[in-house]
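Q: Dropping a structure here in structure tokens format, bear with me for questions.
Protein chains: 4
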Amino acid sequence: MTTIGHLINGIVQNDAARTQNVYNPSTGEVSKQVALAGKATVEEAIAAAQAAFPAWRNTPPQKRARIMFRFKELLEQNADEICRLIGEEHGKISHDALGELQRGIENVEYACGVPELLKGEYSKNVGPAIDSWSEFQPLGVVAGITPFNFPAMVPLWMYPIAIACGNTFVLKPSERDPSSTLFIAELALEAGLPAGVLNVVNGDKEAVDTLLDDSRVQAVSFVGSTPIAEYIYSRASANGKRCQALGGAKNHAIVMPDADMDNAVSALTGAAFGSSGERCMALSVAVAVGDEAADALIGKMKAQMQELKVGAFSDAGNDFGPVITKAHQEKVIGYINSAEEDGADIVVDGRNPQVPGYENGFFVGGTLIDRVTPDMLCYRDEIFGPVLLVVRVDSMQEAMNLIDAHEYGNGTCIFTRDGEAARYFSDNIQVGMVGINVPLPVPVAYHSFGGWKRSLFGDLFAYGPDGVRFYTRRKTVTQRWPSAGVREGVQFSFPS
Amino acid sequence: MTTIGHLINGIVQNDAARTQNVYNPSTGEVSKQVALAGKATVEEAIAAAQAAFPAWRNTPPQKRARIMFRFKELLEQNADEICRLIGEEHGKISHDALGELQRGIENVEYACGVPELLKGEYSKNVGPAIDSWSEFQPLGVVAGITPFNFPAMVPLWMYPIAIACGNTFVLKPSERDPSSTLFIAELALEAGLPAGVLNVVNGDKEAVDTLLDDSRVQAVSFVGSTPIAEYIYSRASANGKRCQALGGAKNHAIVMPDADMDNAVSALTGAAFGSSGERCMALSVAVAVGDEAADALIGKMKAQMQELKVGAFSDAGNDFGPVITKAHQEKVIGYINSAEEDGADIVVDGRNPQVPGYENGFFVGGTLIDRVTPDMLCYRDEIFGPVLLVVRVDSMQEAMNLIDAHEYGNGTCIFTRDGEAARYFSDNIQVGMVGINVPLPVPVAYHSFGGWKRSLFGDLFAYGPDGVRFYTRRKTVTQRWPSAGVREGVQFSFPS
Amino acid sequence: MTTIGHLINGIVQNDAARTQNVYNPSTGEVSKQVALAGKATVEEAIAAAQAAFPAWRNTPPQKRARIMFRFKELLEQNADEICRLIGEEHGKISHDALGELQRGIENVEYACGVPELLKGEYSKNVGPAIDSWSEFQPLGVVAGITPFNFPAMVPLWMYPIAIACGNTFVLKPSERDPSSTLFIAELALEAGLPAGVLNVVNGDKEAVDTLLDDSRVQAVSFVGSTPIAEYIYSRASANGKRCQALGGAKNHAIVMPDADMDNAVSALTGAAFGSSGERCMALSVAVAVGDEAADALIGKMKAQMQELKVGAFSDAGNDFGPVITKAHQEKVIGYINSAEEDGADIVVDGRNPQVPGYENGFFVGGTLIDRVTPDMLCYRDEIFGPVLLVVRVDSMQEAMNLIDAHEYGNGTCIFTRDGEAARYFSDNIQVGMVGINVPLPVPVAYHSFGGWKRSLFGDLFAYGPDGVRFYTRRKTVTQRWPSAGVREGVQFSFPS
Amino acid sequence: MTTIGHLINGIVQNDAARTQNVYNPSTGEVSKQVALAGKATVEEAIAAAQAAFPAWRNTPPQKRARIMFRFKELLEQNADEICRLIGEEHGKISHDALGELQRGIENVEYACGVPELLKGEYSKNVGPAIDSWSEFQPLGVVAGITPFNFPAMVPLWMYPIAIACGNTFVLKPSERDPSSTLFIAELALEAGLPAGVLNVVNGDKEAVDTLLDDSRVQAVSFVGSTPIAEYIYSRASANGKRCQALGGAKNHAIVMPDADMDNAVSALTGAAFGSSGERCMALSVAVAVGDEAADALIGKMKAQMQELKVGAFSDAGNDFGPVITKAHQEKVIGYINSAEEDGADIVVDGRNPQVPGYENGFFVGGTLIDRVTPDMLCYRDEIFGPVLLVVRVDSMQEAMNLIDAHEYGNGTCIFTRDGEAARYFSDNIQVGMVGINVPLPVPVAYHSFGGWKRSLFGDLFAYGPDGVRFYTRRKTVTQRWPSAGVREGVQFSFPS
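From first to last, the protein sequence lines are chains F, X, V and G.
Start counting the first sequence at 1; every next residue gets the next number (UniProt numbering).
Start counting the second sequence at 1; every next residue gets the next number (UniProt numbering).
Start counting the third sequence at 1; every next residue gets the next number (UniProt numbering).
Start counting the fourth sequence at 1; every next residue gets the next number (UniProt numbering).
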């Protein structure tokens with residue numbers, strides 16, 4: 001059986017230490033093994049990145065960008081293979097994997113513009129014949145720790161821009177579906193990255209802690225669940241590093257009485273059940289304003305959900321696939337059970353989906369639960385499964401209060417035709433990414449991704465302009481040239 | 001005796017709890033008492049800031065800026081009184097206090113431009129008929145914790161821009177010289193800030209910890225010593241807050257053989273001894289390249305230092321005043337003693353300055369120490385006194401290696417006429433603020449202030465553009481308007 | 001009788017040449033004389049500006065900005081006197097003059113931020129060890145030619161930012177109401193502008209042509225009517241100068257059936273009749289979509305217009321005052337006559353307003369004309385009087401086609417509650433300044449002002465970021481420092 | 001014989017009207033014919049561009065950028081063929097043609113970042129609950145008119161960014177070497193540009209005037225000689241268009257006594273003779289400060305020029321090739337003759353170069369002329385040939401005065417090691433593109449290209465950020481949503 005190794009200093013290798021099973025969630029079978037890097041292996045990767053830094057930092061940004069141009073081409077040429085690897089280990093249907101990859105490629109495209117993005121600020125005559133400018137220099141070795149649900153996209157949120165800015169990188173991807181991530185990293189090297197500029201180590205907590213504690217690592221980017229994000233942020237910060245840690249979500253959509261209901265239903269169906277709901281931007285709660293809107297929504301959703309096809313990743317006719325593990329499948333079903341016990345109304349029940357030929361796959365069918373209330377467990381937690389909750393409220397303000405009371409603040413959306421409602425909502429809601437009639441308001445690559453409240457720890461968001469700022473360190477130079485003929489008196493006061 | 005209180009919700013008050021002595025360091029006498037806020041008092045200030053936030057946030061930026069315009073006028077009109085208060089409690093000579101104030105005012109001027117600075121990014125057609133924009137919204141309640149050495153300037157680095165961005169503020173200034181800070185905050189209210197927008201609490205660790213732990217405080221800015229900066233950064237981060245913590249420094253100036261030596265000596269004299277060296281940007285180490293440069297430097301410095309006048313703050317003819325406390329005076333003298341014991345050459349000895357009429361003042365005279373080596377205690381620590389060390393090296397690269405090996409990376413400078421030396425130095429040195437023939441390369445208010453390595457924890461610098469980014473939270477809105485005639489099919493894939 | 005002179009090199013003077021009457025339009029009487037500068041006088045002003053340029057250009061931007069801070073204070077302190085001067089010569093009621101002045105002051109506030117606005121772009125390593133940066137340097141002497149309708153505001157659109165950028169300025173204001181303009185310029189000098197930095201010449205075509213033809217004048221900003229704008233742009237360009245020339249307007253407001261009609265009527269009344277309609281942003285055409293909306297609009301407008309008070313500038317209870325001249329009064333009445341002859345419906349007739357005690361004032365009352373069609377003279381021309389035309393159409397698209405067919409494209413507005421209508425309108429309409437439920441969408445000072453089509457000639461708008469760009473010239477520096485040890489071979493190819 | 005036609009609406013066609021000879025300047029023979037478009041043909045191209053505009057404008061910028069990504073790939077894949085076409089018709093050696101192409105490709109790379117570059121400015125709460133933002137919308141049909149000397153690069157300065165911004169384009173390249181330009185345009189279509197988005201018309205003054213006069217053309221970019229630039233700017237402006245017109249140059253290099261002389265000589269040799277001096281950035285005047293520097297320079301130049309190889313484009317071992325036409329060859333030789341007659345010292349004489357096998361080619365050899373003075377014809381005019389003049393002066397200031405007195409201000413350079421000299425020079429010199437030890441300071445694609453004085457007419461430079469601004473029109477939207485419960489009173493004053 002294949003064992004997936006690490007990419008260190010340009011070479012794929014395996015430290016022959018501990019390994020862990022990698023499953024095909026569509027069949028429930030173990031398909032590969034993944035090596036789990038020990039401390040020494042991670043330190044080897046850090047050392048490779050450290051060694052590669054000086055030359056890479058001095059490479060003109062335009063030349064670094066040109067490798068990103070080539071990387072984009074290779075990603076496009078290898079899209080089918082990448083999507084197959086994602087599907088096999090994550091379970092995502094190919095059209096969805098392609099969407100993920102495309103979003104990742106957009107970040108590579110953004111990194112191609114790094115000469116423009118790195119421009120510093122130049123001020124003439126900050127004092128008489130004194131000039132001052134700010135440069136944005138790379139940090140050195142930076143690390144990324146990424147989740148299973150987007151094995152292609154989330155790493156591409158991080159290292160293309162980090163590397164284009166002149167840093168070198170150590171990536172610790174999810175050990176659940178490591179193959180596509182590793183394959184993509186190899187393409188980056190094929191595109192021309194010098195050895196050591198991008199390194200990948202597979203691993204678990206030991207690898208993570210090594211990255212968090214090693215003083216050579218200057219910054220850490222993390223995407224995952226909130227408890228781990230909090231741990232990462234706290235530990236990296238205690239070690240004096242800069243850190244951005246993105247956590248969980250519970251994304252609500254407000255459905256206003258004036259919404260275009262067919263459009264809202266279409267949007268919600270895709271945003272709630274796509275990728276089995278295993279997205280931090282999944283829309284998992286619909287908040288209907290008024291019983292009339294709620295009844296219309298439930299009725300149309302129910303009808304639409306008849307058409308949902310859950311099944312193996314390899315059949316492009318499916319809408320979504322299995323969840324990531326057996327344990328997670330049971331957890332999702334447990335949330336549905338709890339909702340039922342708490343008195344909610346299970347309108348469409350996905351607990352026993354039929355997927356002929358894939359009886360051991362980790363499937364959960366699309367589930368719609370009405371009359372959910374904020375005190376229910378299914379409402380408080382992030383389920384990360386194909387489950388859409390409906391909460392009924394009497395007013396838009398009540399809907400907004402509900403959203404603001406939740407601990408997460410990642411994404412949200414409102415369905416309406418009314419300009420005033422849209423403006424009031426987007427201005428006041430305590431959520432970082434807001435959609436107006438857009439169910440998955442993931443910012444494009446030239447904006448930045450991040451939630452508020454306990455969905456993100458740090459002050460700069462992921463990718464886009466904030467990514468550039470996160471992966472660079474400001475240096476301000478103030479310059480004057482003494483003229484042989486001009487001598488100044490001593491200046492004891494603070495210069496003004 | 002006067003007891004200096006707190007400014008909470010627009011009212012100067014005193015919680016009548018613990019107090020601490022405030023000294024006049026020129027005479028060594030206790031001049032006032034300062035109240036030390038307990039947890040409840042700090043929470044009251046936070047509550048006031050929290051209550052003031054919603055209305056302040058919705059006030060148009062231009063109207064917020066106009067209060068800053070008025071604040072600037074009041075600062076200028078009250079400059080004499082501010083400088084007197086600074087001098088009395090800090091010991092700084094009036095011309096130096098005025099320099100400090102002027103630098104603070106520049107930050108108010110920068111805050112006057114906040115409508116421009118808050119501009120978000122607007123993108124048309126991120127998808128077909130879909131628009132997306134990023135807004136930079138205020139965080140809510142933010143806190144600042146500031147040091148004794150710039151009681152006017154450092155608070156003004158923080159709250160003018162924080163408040164102009166729409167936040168409300170709780171300031172915990174140094175308890176050693178609190179009067180000018182409080183007076184200036186009252187002027188800000190006089191300029192038109194609504195009650196609760198700016199609050200000042202005097203206090204010690206209890207007050208600090210309350211700010212770090214209270215969940216209503218969204219962000220913390222700190223300036224002080226590195227051990228405390230590290231504590232603040234770690235604790236604020238563990239509480240999920242954003243934090244920027246600026247610490248200590250050991251600023252080196254390289255003196256190249258081609259330097260304009262008279263200019264360098266003038267510059268060094270002011271930058272090493274001004275404000276008794278109690279500046280995080282003080283130049284405390286001169287690194288002479290070659291013995292010829294070293295000998296010339298020492299010779300000219302010695303001559304120039306004959307003219308130095310140390311004395312009470314109230315005499316504008318003095319060059320610098322006392323250090324802040326008796327304990328600090330002893331500590332500085334201890335460092336000079338240790339240098340002597342370690343074999344360095346005390347060229348000019350300031351351990352027994354004569355200041356007639358002020359025999360109990362906390363004075364240390366200007367001190368010049370030659371032949372210092374990196375292993376000496378006086379080199380490793382930040383002395384924060386009027387002591388200039390000279391290290392002799394053989395090459396520019398050796399000088400740069402020395403600087404890069406030090407734990408701090410705040411400011412540095414090179415004296416040279418050579419363009420290539422200046423570029424190589426500023427590009428490669430691991431220091432955040434670099435001067436070319438500029439001894440105190442404090443960035444102007446429209447750039448940002450920050451060191452590298454253990455001189456700053458966090459990813460954004462103080463004031464200027466980074467200040468705006470630190471005190472705001474990105475929100476990205478993605479908007480489309482459904483057309484009655486256009487219905488989309490369900491979209492299960494991740495949108496690309 | 002007072003003769004208003006010129007401000008040249010810091011001195012108000014009079015070349016004792018030709019003069020022209022200045023009227024008080026409220027009484028119809030001649031109140032002053034204004035000197036009309038000959039070629040020699042204008043050249044003297046240009047020479048003064050040229051002489052002042054080198055020192056002013058080298059003054060640090062922050063110091064230039066501080067004069068703008070002071071200028072703002074003086075404008076606020078002298079607001080009453082400025083408004084009185086405006087009212088006396090222009091006829092504008094004091095509350096309206098104050099609004100104009102306030103908008104002008106906003107441009108001074110913007111100019112206070114010039115250190116930030118002048119930041120150039122700095123790129124490290126555009127090639128190996130080669131850096132490049134762009135500076136935005138002032139042009140030298142620049143000229144502004146401004147209209148009668150905003151004697152305070154339009155000059156303040158131009159010279160504060162031009163001067164803050166380091167240019168020196170020659171202003172040729174309208175000869176119809178020159179006093180407030182001159183008074184304000186004197187305040188700018190009082191604020192600290194060195195002599196020669198700002199010069200004012202009153203005059204007519206001879207003065208204008210001198211400015212357009214003199215090779216020392218680097219750039220010309222103009223605001224006025226379209227035929228003159230076209231002349232200015234063409235002649236200045238033929239002389240190799242950069243030029244921005246803002247012309248006329250015919251601003252339409254679309255009233256949609258779903259509009260908040262009371263709000264629309266209030267907005268239209270102010271925007272159509274305020275300042276007697278003598279504004280290039282006046283809303284002069286309401287396009288009602290559907291007869292129902294049209295009838296409701298007409299009914300409510302008619303009622304609202306009963307309350308309109310036209311009268312002398314000195315009575316703050318009046319809504320608007322006289323038009324600028326007897327000739328213009330007759331021209332406006334002529335347009336109303338022509339509408340009547342062309343078959344339009346004069347709903348409210350302002351041709352014979354009663355203003356007791358001011359029988360010779362140049363008054364026209366608020367006029368509402370329904371059933372106007374695009375072929376009528378009153379529709380094709382800019383009337384520049386208190387006349388609101390109503391055109392009835394069947395659809396929003398028809399309304400937009402109408403707007404796009406007009407030669408002007410300055411401002412426009414839509415009244416609606418619908419997000420999609422607002423987006424479609426603002427995206428597609430061929431107009432530079434668009435309001436959504438905002439009747440006078442004059443951009444704030446930190447954005448830029450400009451129309452499309454024949455309302456503006458040039459590529460950069462007035463004031464705001466475009467103003468900064470217009471008044472500066474890009475200079476790009478590319479720098480490398482040869483290392484003694486590194487010699488390059490000859491390079492014959494174009495460097496890549 | 002082949003006749004080179006036009007590319008209109010996606011189809012290469014020939015209007016079978018007038019034609020003109022295209023030469024191979026290496027052999028002196030006519031190799032092809034080029035069609036000269038009449039007015040009707042140009043109008044057909046404009047109509048095609050006009051028709052393509054609405055759909056192209058609405059294509060999301062990211063999708064437009066992706067065509068640029070593909071275009072870049074095609075340019076790289078077809079580099080050899082492009083260079084062959086350039087060489088054949090222009091005479092440029094392949095390594096030089098490749099340098100030109102590479103610089104062109106950089107502009108395509110820059111255009112790939114257009115989603116970032118098109119970001120507008122978004123302001124929340126410009127008034128209470130009123131938001132305002134600026135969009136940068138495409139203009140419509142824009143035209144480019146380009147010179148013979150860079151048939152690949154200069155068109156690529158213009159249309160990639162213009163098109164990426166959403167405009168459609170009509171290009172009128174030089175009729176002397178049209179093949180590479182046309183071939184590249186076909187690649188752009190192959191990359192995915194819809195028909196009509198990019199059109200190429202070959203032609204002469206009739207084609208140019210049609211572009212200048214047609215009201216559908218919104219903007220004109222021109223690169224060529226100053227007299228034509230002035231004509232273009234004046235006529236386009238008189239027609240109300242925006243225009244940027246780049247003209248001639250006389251680029252001086254100051255050689256300071258402290259210069260690294262070997263480096264300076266290498267740099268000058270390439271910059272003066274590369275591409276036979278037919279570059280608007282060619283260094284054609286060396287200004288030596290002091291006779292010592294002058295003598296050293298002349299001595300080393302003379303030696304270095306022994307190695308110069310002039311010959312046919314097809315031999316990569318040559319340094320440079322022929323000039324463009326027989327007439328131009330004679331003109332260049334005429335200038336050398338005049339210098340000799342005027343008393344200058346012809347140090348190296350290129351009037352009779354020997355190029356065996358290419359006796360009819362339009363060759364001029366590298367020529368070095370010492371002791372040139374500012375009154376000589378060879379100094380006043382742009383020679384545009386492989387001729388380097390040396391002027392001797394006594395001081396740096398004298399050298400700078402000389403440069404500033406010349407009518408052109410395109411590029412310039414200083415050779416020195418001194419930081420102060422570099423800063424003083426770059427700050428004060430009246431030239432748009434300044435090199436410090438960089439002989440051809442052509443800004444990289446992410447900065448902008450343009451000269452000062454009579455080297456550029458207009459206010460925005462070519463390509464880079466200025467290119468984006470030139471090819472877009474600002475639109476400012478101000479939006480508020482009326483709340484049903486909130487009614488405002490009528491507002492007659494100008495809003496403040």
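Positions of the beta carbon are idealized from the N, C-alpha and C atoms, including for glycine.
So residue 141 of chain F packs on residue 41 of chain F, CB below 8 Å; how close in whole Å?
A: Going by Cβ atoms, the distance from residue 141 of chain F to residue 41 of chain F rounds to 15 Å, so no, they are not a contact pair.
Q: Please state the DSSP three-state secondary structure of residue 159 of chain F.
A: Helix.
Q: For a cutoff of 9 Å on Cβ pairs, would you count residue 428 of chain V as touching chain F?
A: Output row for residue 428 of chain V: interface = no.
Q: Measure the beta-carbon distance from residue 399 of chain F to residue 254 of chain F and round it to whole angstroms, keeping in mind my assumption that it falls under 8 Å.
A: Correct: roughly 5 Å between the Cβ atoms.
Q: On a Cα-Cα basis, can you pick out the residue from V:427, V:79, V:150 and V:212 that is closest to residue 39 of chain V?
A: Checked all of V:427, V:79, V:150 and V:212; the closest Cα to residue 39 of chain V is V:212.
Q: Evaluate residue 30 of chain V with the Cβ neighbour count: other Cβ atoms within 10 Å of its Cβ, from every protein chain shown; 16 or more gives buried, anything less gives exposed.
A: Flag for residue 30 of chain V reads exposed.
Q: Taking beta-carbon pairs under 8 Å, can you tell me which members of the stretch 221-244 of chain F lie near chain V?
A: From the stretch 221-244 of chain F, no residue has a Cβ closer than 8 Å to chain V.
Q: Could you name the residues that DSSP lists as bridge partners for residue 510 of chain X?
A: Not covered by the structure: residue 510 of chain X. The range shown for chain X is 1 to 496.
Q: Please state the DSSP three-state secondary structure of residue 149 of chain G.
A: Looking at residue 149 of chain G - three-state DSSP - the assignment turns out to be coil, as it is neither helix nor strand.
Q: What is the rounded straight-line gap between the Cα of residue 241 of chain V and the Cα of residue 217 of chain V?
A: Residue 241 of chain V and residue 217 of chain V: Cα-Cα distance of roughly 8 Å.
Q: Does DSSP put residue 48 of chain F in a helix, a strand or coil?
A: The answer is helix: DSSP assigns residue 48 of chain F an H, G or I state.
Q: By the criterion of Cβ-Cβ separation under 8 Å, what are the contact partners of residue 135 of chain G in chain X?
A: Per Cβ cutoff of 8 Å: 122 and 124.
Q: Would the stretch 74-88 of chain V and the stretch 224-233 of chain V be scored as touching if the rule is three or more Cβ pairs under 8 Å?
A: The answer is no - the stretch 224-233 of chain V does not touch the stretch 74-88 of chain V, with fewer than three Cβ pairs under 8 Å.
Q: At a Cβ threshold of 9 Å, is residue 530 of chain F touching chain X?
A: Since the displayed chain F opens at 1 and closes at 496, residue 530 of chain F lies outside it and no answer follows.
Q: Spell out a yes or no on whether the stretch 437-454 of chain F and the stretch 391-408 of chain X are touching, meaning 3 or more CB-CB pairs, one atom from each, closer than 8 Å.
A: Taking 8 Å as the limit for Cβ pairs, the verdict is that the stretch 391-408 of chain X does not touch the stretch 437-454 of chain F.
Q: Using the three-state DSSP reduction, which class does residue 24 of chain G fall into: helix, strand or coil?
A: DSSP places residue 24 of chain G in strand when its eight states are reduced to three.
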